[in-house]
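Residue numbers for the sequence shown follow full-length UniProt numbering, so the first one is 1 and each next one is one higher. Heads up: the structure comes next, in structure tokens.
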Amino acid sequence: MDPSWQRVLEEVSKEIPPTYFDKFIHTLQLESLTDDRCILIAPSSNIKTHVEKKYQNYIEEAIFRASGNRIPVEIVLESPSNLNQVLKENFKDRSYSFNQDYTFDNFIVGSTNRLAFSAATECVKNPAEINPLYLFGKVGVGKTHLLHAIGAEILKREPWKTVHYVDIKSFMSEFLFALQSRDSIESFKIKYQSYNCLLIDDIQLLNTGAEKTQEEFFTIFNFLFERKRQIVIASDRPSSELPLHDRLKSRFVTGVQADIQAPDKETRIGILEKNCQILNLGLSTEHIALIADLIEDDTRALLGALNDLALHKRAFSHLFFTSSMIEEILKNRIFRKKNFQLSQDKVIEHISSLYQLDPKEVMGKSRKPEYVIPRHLCMYVLHIGFRLNKSQVGRMFSSEHTTVIHGVRNIEKKIKEDKDFSIKVEEILNRFRFQ
């Protein structure tokens with residue numbers, strides 16, 4: 001890539017959100033960059049028009065900052081043949097390779113995930129009897145594991161079937177590229193309509209702003225559903241809380257909705273026992289129970305704790321562990337977890353005290369300006385600093401996730417406009433940043 005153009009891209013990326021940079025600016029190709037003109041090739045008329053309307057000024061300013069010269073930008077269209085080649089290279093339909101570690105045999109079943117596991121196995125034994133299967137739960141509880149297990153088991157039993165796993169971000173990117181050509185969008189539709197089983201991950205990332213993508217997903221869903229093809233969807237929240245149009249959400253309630261909770265102690269012990277054997281840790285029953293008591297989070301937190309122990313075993317040649325050694329090795333995980341949970345409540349108390357307000361007033365519904373900013377600031381810190389999704393934050397404030405979206409955006413705008421406020425927010429984040 002031309003070094004000068006690389007500098008221009010770096011400058012533009014500072015001004016445009018990553019999502020829009022990837023969708024529009026990153027798709028442009030540099031034809032030429034001289035002292036009097038910059039010619040860029042757009043893959044479609046839609047992108048050409050959108051960039052000219054929204055982002056051409058950003059590009060020209062970035063060229064000025066990078067070169068010191070005011071150079072006009074001209075955007076031209078790429079030929080259809082070139083576009084089809086781009087689509088062919090980026091989105092070849094390969095046979096999906098499922099993770100060999102994500103099988104039904106490796107899935108530890110307990111009271112918190114039994115319904116989801118039973119429904120998943122039913123999708124294999126009797127495809128489309130449960131349709132769609134909608135799995136939801138927080139990160140690390142096994143949703144993706146079950147999606148892979150379903151796909152792998154179907155292919156094991158009926159290898160002639162076409163089974164496809166895709167996260168919704170990849171689906172959206174593929175659809176965006178396909179939109180640039182009539183031939184390509186038809187190929188995209190035929191491809192997705194051909195699957196016997198479609199496994200969709202992270203559906204919560206498909207939002208109401210993606211109108212065309214929602215419309216296409218709705219069409220594909222209906223096509224497969226009406227022909228009794230198995231559909232399995234995973235999300236971090238119930239379908240009723242998805243930021244989607246009602247007609248799409250209504251399709252998800254026709255099957256089974258299985259909530260996967262964080263593992264209870266019995267399940268945690270099962271997960272630890274299974275993975276202790278894999279890592280050859282040689283932990284006693286008492287030590288496994290100790291870890292299950294110390295780490296009450298999701299599966300990933302439990303595996304992370306075992307990896308810590310495995311690393312110490314290799315680094316210090318431990319022949320065995322004592323209870324005190326285990327607690328010492330895992331103390332940082334335990335400390336962060338306890339403080340992290342405690343701090344979620346203290347965020348509201350701290351921000352309320354900064355504004356000399358009662359926390360009940362900040363948590364309330366009053367729209368008076370003196371309450372709105374601290375309330376929005378609480379939402380921002382909980383979302384950004386604690387990585388709670390907007391629905392989780394909304395439940396804390398008895399509000400819709402759209403209210404949280406508005407609150408977060410309000411704070412982001414104020415941070416850009418007010419340097420003192422920006423410093424205050426950073427101080428709050430640093431105070432409560434544990435993960």
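Every residue, glycine too, gets a C-beta built ideally from N, C-alpha and C. As the structure is a prediction and not an experimental result, all values here were calculated from the model.
Check: Just how far apart, CA to CA, sit residue 314 and residue 268?
Finding: 24 Å
Notebook entry, point to check: Do residue 385 and residue 432 have their C-beta atoms within less than 8 Å of each other?
Noted result: yes
Margin query: Excluding the 5 residues flanking residue 157 on each side, which residues of the same chain have their C-beta closer than 8 Å to its C-beta?
Written below: 124
Notebook entry, point to check: Leaving out five residues before and five after residue 60 in sequence, what residues of the same chain have Cβ atoms less than 6 Å from its Cβ?
Noted result: 73
Item checked: Inter-residue CB distance, residue 345 and residue 352 (contact presumed, cutoff 8 Å) -> With a Cβ gap of about 11 Å, residue 345 and residue 352 do not count as contacting.
Checklist line | Inter-stretch contact at 8 Å, needing at least 3 Cβ pairs: the stretch 145-164 / the stretch 117-133 | finding: Touching, yes.
Check: Would residue 139 pass as a contact of residue 298 if the rule is Cβ separation under 8 Å?
Finding: yes
Item checked: Straight-line gap, residue 36 to residue 77 (C-alpha atoms, nearest Å) -> So the two alpha carbons sit approximately 20 Å from each other.
Next item on the list: Note down, in chain order, each residue of its chain lying with its Cβ closer than 7 Å to the Cβ of residue 394, except the 5 sequence neighbours on either side.
Entry: Result list for residue 394: 400, 401, 403 and 404, in chain order.
Notebook entry, point to check: Quick one: is residue 418 buried, meaning 16 or more other Cβ sit within 10 Å of its Cβ, or exposed?
Noted result: exposed
Item checked: Burial state of residue 398, where buried means 16 or more other Cβ atoms lie within 10 Å -> exposed
Item checked: Under the three-state DSSP convention, the category residue 279 falls into -> helix
Margin query: Is the separation between the beta-carbon of residue 237 and that of residue 389 shorter than 8 Å?
Written below: For the 8 Å CB-CB criterion, residue 237 and residue 389 form a contact.
Note to self: Applying the 10 Å Cβ sphere with the 16-neighbour rule, what's the burial state of residue 371?
What the structure shows: buried
Item checked: Host beta strand (DSSP E) of residue 203 (start-end) -> Segment: none, residue 203 is in no beta strand (DSSP E) and carries neither H nor E.
Item checked: Meets three-Cβ-pair contact criterion under 8 Å: the stretch 207-222 and the stretch 231-250 -> The stretch 207-222, when compared against the stretch 231-250, does touch it at the 8 Å Cβ threshold.
Notebook entry, point to check: Looking only at its own chain, which residues have a Cβ that is under 6 Å from the Cβ of residue 355, when we skip the five neighbours before and after it?
Noted result: 374
Notebook entry, point to check: Name the DSSP bridge partner or partners of residue 311?
Noted result: Residue 311 is not bridged to any residue.
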